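Worksheet: one structure, shown below.
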Amino acid sequence: MEKPIKIALCGIGTVGKGVLELFDKNMALIRQRIGKDIQIVKALEKDPEKIKSSGLTSDQVSDSLDFVLEDPEIDIVIELIGGDTIAKEIILRALDNGKSVVTANKALLAEHSDVIFPATYAAKGFFGFEASVAGGIPVLRNLREGFTGDEISEVSGIINGTANYILSSMTENNDDFETALAEAQKLGYAEADPTFDIEGNDTAHKVCILLNLAYNGLFDFKQIHIEGITKIEPIDIEIAREMGYTIKLLGKAISSEKGYDGRVHPSLIKNNNLLASVKGPFNALLIKGNFLGPTISYGAGAGSHPTASAVVGDIIEIGRLLANDRKHQTFPLSCTNETLIKKELISIDEIETEYYLRLTVQDKAGVLAKVTKIMGDNNISIRSMIQKSENNGSVVSVPVVFFTHNAKEKDVQRSIEQIDQLSFIEQPTRLIRIDA
Ligand SMILES: NC(=O)c1ccc[n+]([C@@H]2O[C@H](COP(=O)([O-])OP(=O)(O)OC[C@H]3O[C@@H](n4cnc5c(N)ncnc54)[C@H](OP(=O)(O)O)[C@@H]3O)[C@@H](O)[C@H]2O)c1
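The sequence shown begins at -11 in this note's numbering and counts up by one.
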């Protein structure tokens, strides 16, 4: 009888459990689509409860790496442990031992891309990482195989469901940040420690992977500008709404005449932009190509089942290659090994966009004249201004919001530094970039 393709599953957590369920439910379909039998025969896990509920027998599970990595019978290793310690060793050793690897580990791929991707190019086995960005939306496959005829100028969007859930709650229920975060945690949309999601690091990991794929290079995660959503206040949401905008956390991977630009920050986007209607934990990505024009993909960006769907999609692609005795897959990224070189990002100081600036000022004569003079002296032209009255105890302070025309980031930052030194400024000025 023909030998089945054999899989070892490392990590039976949220995604690993989803993969086991998907295999259980869609096994016949998966075999039909590969054209060969495929089985999960081993797992790496240390939690006895997870092992018990996995349906695998105790002799199929171990917490020893050698148990899966040194077994010549294993064809595909699925790394779903996360982090950059043991996961890195699993991926590199598995590739080194001639096995194919599927992973969802965006943190590892972003922060160690200079080690992992060259190893995947050199390996005999195949590599899949679709689940690392936007869960169930096959955006990496689109970039690697669908839009390869195009010069890509932008990949940007909402790629963190937790942050989007919180901003959606703040927008729809007028919640403050803390209330929206607590609600997200209660419903399982935010982890007990949500730092990576709300501070933008998770989005930045995905931006780094998207930069690598869209622009044929290896980018340095540390060069990505990262701002999270923790400083967004209900007043920002309210004023954005009055002016026809919605606030979203965007990840951006852009190529322009200035160079490559990778950044993560909250943005005001026009309500008629499709991304503004992406609510709750959902993700959406805009890709612009020079022949393609703009396309948007929308769907579940995380969660056990959507992420498992992406993992199994990779398993099926690799299963087909193994079943047909193919020697090469499409490149792991979108370019050949020879053209895969390190590339630099421009600094955030170099960007130009429109800005929302919220100042908190003492309500007295002459304040606006001084602020607008500083902005004028720094080449910033004001498009509109809103002033809100608010009594915060003994001192009457008012939020004053300026919407600027296109301006240079470094000019805006210099203005803010000067404005925040004025004696009548009560709080540091808040800046949100406008997605023009
Ligand atoms: N969850 C999502 O929606 C999602 C979406 C996209 C991508 N991802 C990525 O997918 C990966 C897995 O995420 P997850 O949410 O499934 O994580 P998870 O629920 O924490 O699962 C990880 C599993 O690995 C086990 N593990 C940790 N160290 C181990 C070791 N040394 N040996 C054996 N087992 C070990 C953990 O056991 P213990 O719990 O006992 O430590 C846990 O069962 C991560 O890279 C993540 O970024 C997740």
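Here a beta-carbon is modelled for each residue, glycine too, at the ideal position from N, C-alpha and C.
Source: prediction; values computed, not measured.
Subject >> Neighbourhood of G247 by C-beta, 8 Å cutoff - its chain only, sequence neighbours within 5 removed >> reply: In its chain, beyond the 5 residues on either side, E332, L333, I334, E338 have a beta carbon closer than 8 Å to the beta carbon of G247.
Subject >> Reference K24, options A311, T167, F390, closest by Cα >> reply: A311
Original post:
Closest by CA to Q350, which one among H193, E414, S322?
Top reply: Nearest of H193, E414, S322 to Q350, Cα basis: E414.
Subject >> Ordered list of alpha helix (DSSP H) runs contained in the stretch 207 to 295, each at least 4 residues >> reply: Taken in chain order, the complete alpha helix (DSSP H) segments of 4 residues or longer contained in the stretch 207 to 295 are 222 to 230.
Original post:
If you check the beta carbons only, do E171 and S157 fall under 7 Å apart?
Top reply: yes
Original post:
Roughly how many angstroms separate the alpha carbons of A98 and K194, rounded to a whole number?
Top reply: 7 Å
Original post:
Measuring CB to CB, does H253 end up less than 7 Å from E215?
Top reply: yes
**OP:** Determine the extent of the beta strand (DSSP E) in which A(-4) is found, giving its start and end residues.
**Re:** -7 to -2
Subject >> Length of the line joining the Cα atoms of G(-1) and I66 >> reply: 8 Å
Subject >> The alpha helix (DSSP H) enclosing A31, as first and last residue numbers >> reply: No alpha helix (DSSP H) contains A31, which is instead part of the beta strand (DSSP E) from 26 to 32.
**OP:** Under 7 Å Cβ to Cβ from R251, same chain only, skipping five residues before and after it: list those, please.
**Re:** I212, H213, K240, I336
**OP:** Please name the residue or residues paired with Y343 in a DSSP beta bridge.
**Re:** R421.
Original post:
On the premise that V3 lies in contact with A296, defined as a C-beta separation below 8 Å, what is that separation, rounded to the nearest angstrom?
Top reply: 6 Å
Subject >> Closer than 6 Å: N271 CB and nearest ligand 1 heavy atom >> reply: Every heavy atom of ligand 1 is 6 Å or more from the Cβ of N271, so no.
Original post:
Which same chain residues, not among the five before or five after I275, have their C-beta less than 6 Å away from its C-beta?
Top reply: V143, T283
Original post:
Just to confirm, are G145 and L280 a CB contact at a threshold of 7 Å?
Top reply: no
Original post:
For ligand 1, is there a heavy atom less than 6 Å away from the beta-carbon of G43?
Top reply: For ligand 1, not one heavy atom lies less than 6 Å from the Cβ of G43.
Original post:
DSSP three-state call for P387: helix, strand or coil?
Top reply: strand
Original post:
When the Cβ atoms of the stretch 350 to 368 are set against those of the stretch 315 to 325, are three or more pairs found closer than 8 Å?
Top reply: Here the stretch 350 to 368 makes no contact with the stretch 315 to 325; the two share fewer than three CB pairs at distances below 8 Å.
Subject >> CB-CB length for R421 against S255, believed under 8 Å >> reply: Your pair R421 and S255 checks out as a contact, with CB atoms roughly 5 Å apart and the cut at 8 Å.
Subject >> Buried versus exposed, by CB contacts within 10 Å (16 or more), G113 >> reply: buried
**OP:** Could you tell me whether the stretch 291 to 309 touches the stretch 111 to 126, where touching means 3 or more Cβ pairs closer than 8 Å?
**Re:** yes
**OP:** Flag this pair as yes or no: are the beta carbons of I68 and A92 separated by less than 7 Å?
**Re:** It is Leu, not Ile, that sits at residue 68 in the sequence shown. Their beta carbons are under 7 Å apart, which means L68 touches A92 by this criterion.
**OP:** Please report the residue range of the alpha helix (DSSP H) in which S101 lies.
**Re:** 101 to 110 is the extent of the alpha helix (DSSP H) around S101.
**OP:** Output the residue ranges of the alpha helix (DSSP H) runs that lie fully inside the stretch 306 to 381 and measure 4 residues or longer, sorted by chain position.
**Re:** 355 to 365
**OP:** Classify Q406 as helix, strand or coil using the three-state DSSP reduction.
**Re:** helix
Subject >> Assigned exposure category for R371 - 16 Cβ within 10 Å defines buried >> reply: exposed
Original post:
How would you call E305, buried or exposed, if buried means at least 16 neighbouring beta carbons within 10 angstroms?
Top reply: buried
**OP:** Could you tell me which of N85, S50, K376, I79 sits nearest to K94, measuring between CA atoms?
**Re:** I79
Original post:
Is T191 buried or exposed, if buried means 16 or more other CB atoms sit within 10 Å of its CB?
Top reply: buried
Original post:
For ligand 1, any of its heavy atoms closer than 6 Å to the Cβ of N260?
Top reply: no
Original post:
Using the C-alpha atoms, what's the distance from V355 back to K376?
Top reply: Cα-Cα distance, rounded: 14 Å.
**OP:** Work out the CA separation of I(-7) and G236 for me, nearest whole Å.
**Re:** Residue identity check: residue 236 is Lys in the sequence provided, not Gly. Whole-angstrom Cα-Cα distance: 43 Å.
Original post:
Quick one: is the Cβ of T341 within less than 6 Å of any heavy atom of ligand 1?
Top reply: no
Subject >> Cutoff 6 Å; reference F115; Cβ partners in own chain excluding five residues on either side >> reply: V89, T108, P320
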